[in-house]
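Residue numbers (full-length UniProt numbering): 1 to 683. Notes for the one structure printed next.
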């Protein structure tokens with residue numbers, strides 16, 4: 001049995017390698033919560049997936065959320081049991097999104113409409129969840145099972161050492177910050193409280209009411225006093241119950257004799273029950289049902305905001321990485337001109353170079369400085385945008401430091417395309433937009449049922465029972481000891497335009513929602529096709545850009561050697577250098593586009609952002625050349641006389657070019673072969 005990380009930590013797959021990483025071969029008994037928790041904890045220790053400046057409590061909670069997705073235990077009350085609990089569900093439960101007893105007595109929507117994305121068919125999981133386009137297995141780790149899952153979150157070092165504190169910023173760090181402190185996510189979590197308040201308010205129609213009155217006529221010909229108290233409430237099936245006690249004393253008008261009671265008062269109970277209109281459904285129950293659906297919709301709303309915000313955060317992260325890497329490349333190009341300018345100054349003072357060469361190099365130096373400033377502005381703008389998603393313990397935007405910039409992108413490969421139909425089915429099942437549309441349609445269905453019910457006649461059954469107590473109020477003794485009243489009352493609007501208009505309105509709205517669901521399905525299909533094609537094409541662009549970069553620096557090395565021999569002037573060499581570094585920037589941008597397309601595809605498929613970010617961070621670094629890792633051509637075999645300068649020609653051009661400064665170094669300070677020859681010739 002094999003395990004990998006994708007949309008959760010536990011996954012069954014059949015291939016031996018996905019995107020170039022090994023898969024852990026485990027026995028079936030190893031698939032339990034404590035082992036997976038230890039696996040994640042060990043991985044976090046080794047790869048430093050811990051926010052450097054976020055609060056310790058959140059970091060521990062985040063680790064527990066990540067690890068909890070494989071614990072097969074009873075979910076919180078109100079949450080439907082699934083095969084595994086994702087970090088999104090754990091986040092809802094931890095933030096009070098699930099409360100016990102809130103849904104008691106309420107009708108449940110169809111499970112297909114409220115199912116969380118991880119609860120899907122087994123065949124869909126087997127075909128789509130092992131998708132190598134969006135899933136990468138973790139590296140093999142030598143760990144031992146533990147009995148306490150929460151122990152691992154506490155054991156993971158929260159405060160990293162000084163060497164790790166300035167390490168690269170991981171994508172999972174940014175996504176975890178979004179889960180924790182992004183305002184839009186925090187705002188979406190409040191939707192549950194809003195919906196819960198609406199549900200509680202709707203239940204107010206069925207509150208038991210205490211009623212009382214005292215009416216007195218102390219002056220006039222008919223002096224009387226009336227008092228009463230009782231309770232009443234509306235029943236769930238369209239009825240109304242009331243019971244109470246009243247007493248009436250004094251002289252009453254002959255036409256108001258029913259207000260008079262015997263000396264000890266009267267006990268009375270009444271019941272009114274709808275028989276047709278209002279029996280199966282009524283406006284009060286519709287309000288309760290719709291509020292219950294709104295509360296169920298709060299979870300997909302939170303999930304939708306997390307997916308969309310995490311996608312934007314991932315795009316901002318890769319933009320920041322790309323702009324920072326481009327800035328490194330531009331600075332390397334600037335350093336070449338600066339070093340060359342220093343040697344030109346020495347050569348001009350010694351009379352070995354014409355002053356025009358120095359002026360031309362200074363012009364090139366100024367142009368490259370301006371380009372560095374321009375790229376620096378773009379890098380700062382990307383850092384500012386990333387700070388919206390990366391926040392400190394107070395929830396304030398936190399600027400990423402330059403030392404947090406990764407050295408290189410993770411590896412990119414052309415993935416094998418999975419079964420498209422299964423991917424579409426799984427995406428539709430996971431995407432919260434479809435859940436929200438189905439729940440909205442369920443709310444409209446309640447309105448439609450109410451409108452149909454209101455076309456029926458209103459016929460109510462009325463039953464009353466009363467008992468007078470005490471001595472007779474008058475000598476006539478006209479108060480019965482026990483009185484029962486039974487009857488019917490009803491009404492029916494002839495045109496029934498209100499009900500029929502409501503039916504027409506709700507029918508049209510449901511048809512609108514059906515079209516929205518259809519359009520959303522088409523968008524998912526289109527986005528999946530675009531995402532799969534983009535990953536394949538951008539991977540090919542990366543490979544071709546890599547080949548182009550290696551060829552460009554091979555050409556540049558040859559032209560630098562020709563420059564030392566006086567066969568190429570400075571202006572032409574600058575064009576070749578600029579072209580080579582432009583090719584390097586294209587490779588950087590191609591890698592950014594690949595990972596941006598990956599983030600878009602993961603959002604389209606509705607995968608868990610935090611699990612996907614952890615997966616991406618576990619990928620090995622790319623072996624493509626870049627700043628500090630530029631291709632170094634093989635050293636040419638040259639006569640020692642040329643390198644030492646003993647057999648140089650006497651022409652002015654040869655002498656000038658042999659005294660030119662070095663053209664550049666790698667980021668580590670190691671000179672390329674042509675630069676070594678140039679320095680030897682200059683000596």
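Glycine included, C-beta positions come from ideal geometry on N, C-alpha and C.
Ignore the nearest five residues each way along the sequence and tell me which others in residue i's own chain have a CB closer than 7 Å to its CB.
i           : result
residue 250 : 223, 224, 225
residue 559 : 568, 573, 576
residue 379 : 323, 324, 327
residue 531 : 597, 600, 601, 604
residue 443 : 290, 293
residue 280 : 453
residue 349 : none
residue 234 : 205, 206, 240, 284
residue 489 : 460, 462
Have a look at residue i and residue j and give me their C-alpha separation to the nearest angstrom.
i           : j           : result
residue 552 : residue 514 : 55 Å
residue 318 : residue 401 : 15 Å
residue 533 : residue 506 : 40 Å
residue 86  : residue 608 : With a pLDDT of 42 at residue 86, under the threshold of 50, the predicted position of this residue should be treated as unreliable, though the coordinate-derived value follows. Rounded to whole angstroms, residue 86 to residue 608 spans 7 Å at the Cα level.
residue 520 : residue 628 : 45 Å
residue 203 : residue 518 : 35 Å
residue 434 : residue 428 : 7 Å
residue 219 : residue 248 : 16 Å
residue 510 : residue 441 : 6 Å
residue 167 : residue 410 : 15 Å
residue 583 : residue 541 : 12 Å
residue 333 : residue 580 : 10 Å
residue 408 : residue 439 : 44 Å
residue 432 : residue 187 : 17 Å
residue 563 : residue 611 : 52 Å
residue 492 : residue 460 : 12 Å
residue 464 : residue 487 : 9 Å
residue 590 : residue 351 : 46 Å
residue 253 : residue 262 : 16 Å
residue 385 : residue 353 : 48 Å
residue 320 : residue 424 : 31 Å
residue 310 : residue 179 : 8 Å
residue 177 : residue 544 : 35 Å
residue 172 : residue 274 : 58 Å
residue 595 : residue 197 : 42 Å
Relative to the ligand MG, is the shortest distance from any of its heavy atoms to the C-beta of residue i smaller than 7 Å?
i           : result
residue 558 : This structure does not include the ligand MG; it has no bound ligands of any sort.
For residue i, which residues from the same chain have a beta carbon less than 6 Å from its beta carbon, with the 5 sequence-adjacent residues on both sides left out?
i           : result
residue 625 : 549, 631
residue 95  : With a pLDDT of 40 at residue 95, under the threshold of 50, the predicted position of this residue should be treated as unreliable, and no value is reported.
residue 195 : 294, 295, 298
residue 191 : 298, 301
residue 499 : 451, 454, 455
residue 593 : 538
residue 271 : 241, 463
residue 502 : 451
Under the rule that 16 or more other beta-carbon atoms within 10 Å means buried, what is residue i, buried or exposed?
i           : result
residue 347 : buried
residue 216 : exposed
residue 546 : buried
residue 482 : exposed
residue 605 : buried
residue 231 : exposed
residue 495 : exposed
residue 430 : buried
residue 368 : buried
residue 356 : exposed
residue 200 : exposed
residue 614 : buried
Could you check how far apart the C-beta atoms of residue i and residue j are, in whole angstroms? I think they sit under 8 Å.
i           : j           : result
residue 390 : residue 616 : About 16 Å separates the two Cβ atoms, so there is no contact after all.
residue 458 : residue 241 : No, residue 458 and residue 241 are not in contact; Cβ-Cβ is about 19 Å, not under 8 Å.
residue 323 : residue 370 : Residue 323 to residue 370, Cβ: 17 Å. No contact.
residue 212 : residue 238 : That pair is no contact at about 26 Å.
residue 437 : residue 523 : Going by Cβ atoms, the distance from residue 437 to residue 523 rounds to 12 Å, so no, they are not a contact pair.
residue 388 : residue 570 : Not confirmed; about 44 Å, so no contact.
residue 265 : residue 470 : 7 Å
residue 206 : residue 236 : 7 Å
residue 473 : residue 260 : 5 Å
Who are the Cβ neighbours of residue i in its own chain at under 8 Å, not counting the five residues just before and after it?
i           : result
residue 308 : 603
residue 375 : 323, 326, 327, 330
residue 504 : none
| Would you call the segment 335–347 and the segment 363–383 touching, i.e. three or more CB-CB distances under 8 Å? | yes
| task | For the segment 465–480 and the segment 431–450, state whether three or more C-beta atom pairs, one from each stretch, are separated by less than 8 Å. | result | no
| task | Decide yes or no for the touch test of the segment 283–293 against the segment 402–422: beta carbon pairs closer than 8 Å, at least 3 of them. | result | no
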